[in-house]
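Each remark here refers to the structure printed beneath this line.
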Amino acid sequence: METVTHGERIVCITGGTSGIGAGLVAAFLDAGDCVHSCGRNPVKVERLLAAWPEAVAERRLNLVRGDIADDAFRARWVADIAERSGRLDVLVNNAGVILDSGTLEESLDHWRATLEVNLIAPFAMTQSCARLLESSSAPVVVNLSSACARHPFASCTSTSYSVSKAGLDMLTQRLAMALGPRGIRVNGVAPGVVDSEMWEAVPELMRETAERRHLLGRQAVMPRDVADAVLFLASPQARLVTGATLSVDAGYALG
């Protein structure tokens with residue numbers, strides 16, 4: 144294994160072009176790391192590249208356009224990371240979607256699409272990156288879950304989203320068990336209401352509920368708050384933490 148220190152890591156972040164993902168990219172770049180990321184929207188891809196010209200010039204930011212739910216894209220992307228970097232220290236499965244609302248009203252197509260992005264893709268990425276992670280001296284996987292995974296909030300009206308994130312929490316524990324003997328830690332972060340572009344699309348009921356439920360008096364968690372938790376779990380300070388999902392929700396799940 145190649146020895147790495149903070150600020151010299153190779154990091155892969157899925158869905159890094161907006162919201163929490165963009166906050167994660169910024170946090171790891173600020174720490175001096177090399178970041179590989181992806182996004183589906185070409186406008187957002189170009190916007191992120193324009194925001195980090197020095198990192199692009201130094202080849203510390205490698206951003207590609209693609210759909211993380213697409214098997215062929217994932218295979219090409221992981222192969223490219225292997226060719227460019229030769230190892231992977233941190234995998235952050237961040238990409239997520241909320242495609243519909245309701246329970247019996249939700250279409251099966253939206254259920255399948257939600258599960259593909261929120262649950263199947265994190266497993267597939269971890270599976271594909273396992274050998275690259277084994278080349279690191281301190282390999283870490285962090286999955287982005289949600290407060291909605293742990294409680295059936297009436298204000299969180301997308302059942303497929305909540306179920307996919309609940310599955311992701313169990314996946315985090317199962318992967319921690321499977322990969323622990325190979326030296327790979329696997330943890331999760333469960334944000335509450337985050338001030339992001341995805342949040343702009345959720346119902347007003349959930350926004351109003353969030354304002355009441357946040358025990359710390361904050362309307363929303365900021366992407367950097369989530370990024371700080373991910374940075375901690377990826378750091379030597381969390382070297383004995385695996386199979387855990389850390390809540391970053393200003394008390395939302397307790398309110």
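Just so we're aligned: the sequence shown equals residues 144 to 398 in my numbering. No residue lacks a Cβ here, since even glycine has one placed at the ideal position from N, Cα and C.
To the nearest angstrom, how far is it from the Cα of residue i to the Cα of residue j?
| i | j | result |
| --- | --- | --- |
| Arg293 | Ala225 | 35 Å |
| Ala215 | Gly209 | 10 Å |
| Phe375 | Ala381 | 6 Å |
| Lys308 | Leu192 | 29 Å |
| Thr385 | Ala170 | 21 Å |
| Arg356 | Ser303 | 22 Å |
| Ser390 | Pro366 | 14 Å |
| Leu311 | Trp220 | 22 Å |
| Asn184 | Ala194 | 16 Å |
| Gly323 | Leu276 | 12 Å |
| Leu396 | Val306 | Looking at the sequence shown, residue 396 is not Leu but Ala. Approximately 16 Å between the Cα atoms of the pair. |
| Ser301 | Ser288 | 14 Å |
| Pro295 | Ala273 | 33 Å |
| Gly394 | Leu358 | 5 Å |
| Gly174 | Leu242 | It should be pointed out that residue 174 corresponds to Ala in this sequence rather than to Gly. Ala174 and Leu242: Cα-Cα distance of roughly 33 Å. |
| Glu201 | Val283 | 24 Å |
| Ser339 | Leu383 | 31 Å |
| Asp223 | Val168 | 18 Å |
| Ala212 | Ser250 | 18 Å |
| Ile156 | Asp392 | 21 Å |
For residue i, write down the residues that DSSP places opposite it in a beta bridge.
| i | result |
| --- | --- |
| Ala328 | The amino acid at residue 328 is misidentified as Ala; the sequence shows Arg. Val283, per the DSSP bridge assignment. |
| Ser301 | Gly245 |
| Val315 | The sequence given here has Thr at residue 315, not Val. DSSP lists no partner for Thr315. |
| Asn236 | Asn286 |
| Ser390 | Ala333 |
| Arg208 | Gly182 |
| Val364 | Val337 |
What distance in whole Å lies between the Cβ atoms of residue j and residue i, which are believed to be in contact at a cut-off of 8 Å?
| i | j | result |
| --- | --- | --- |
| Ser279 | Leu231 | 6 Å |
| Ala363 | Val336 | 5 Å |
| Gly331 | Thr388 | 4 Å |
| Pro334 | Ala264 | Not quite, the Cβ-Cβ distance comes to about 18 Å (not below 8 Å), so this is no contact. |
| Arg217 | Ala256 | That pair is no contact at about 16 Å. |
| Val329 | Val233 | Going by Cβ atoms, the distance from Val329 to Val233 rounds to 11 Å, so no, they are not a contact pair. |
| Val199 | Val235 | That belief does not hold up - the Cβ atoms of Val199 and Val235 are roughly 19 Å apart, past 8 Å. |
| Leu172 | Arg152 | That belief does not hold up - the Cβ atoms of Leu172 and Arg152 are roughly 11 Å apart, past 8 Å. |
| Thr246 | Leu318 | No, Thr246 and Leu318 are not in contact; Cβ-Cβ is about 28 Å, not under 8 Å. |
| Gly399 | Ala370 | Outside the modelled stretch of the chain, which goes from 144 to 398, sits residue 399, for which no answer is possible. |
Whose C-beta lies closer than 6 Å to the C-beta of residue i among residues of the same chain, with five residues either side of it excluded?
| i | result |
| --- | --- |
| Gly158 | Gly164, Asn237 and Ala238 |
| Asn205 | His179 |
| Leu281 | The sequence shown places Ala at residue 281, not Leu. Within the same chain, Ala281 has no close Cβ partners at all. |
| Ser228 | Ile153 |
| Asp176 | Arg152 and Val154 |
Which same chain residues end up closer than 8 Å to residue i when comparing Cβ atoms and leaving out the 5 residues on each side of it in sequence?
| i | result |
| --- | --- |
| Arg190 | Thr160 |
| Leu314 | Leu262, Pro265, Phe266 and Asn286 |
| Glu259 | Ala212 |
| His253 | Leu242, Asp243 and Ser303 |
Apart from the five residues on each side of it in sequence, which residues of its chain come closer than 7 Å, Cβ to Cβ, to residue i?
| i | result |
| --- | --- |
| Val207 | Cys181 and Trp220 |
Does the CB of residue i have a neighbour CB from chain C at under 8 Å?
| i | result |
| --- | --- |
| Gly229 | Among the protein chains of the structure shown there is no chain C, as only one such chain exists. |
Whole beta strand (DSSP E) elements within the stretch 144-205, 3-residue minimum: Here the runs fully enclosed are 153-156 and 177-182.
Ranges of the alpha helix (DSSP H) found wholly within the stretch 258-283, counting only runs of at least 4: Complete alpha helix (DSSP H) runs here, min 4: 264-277.
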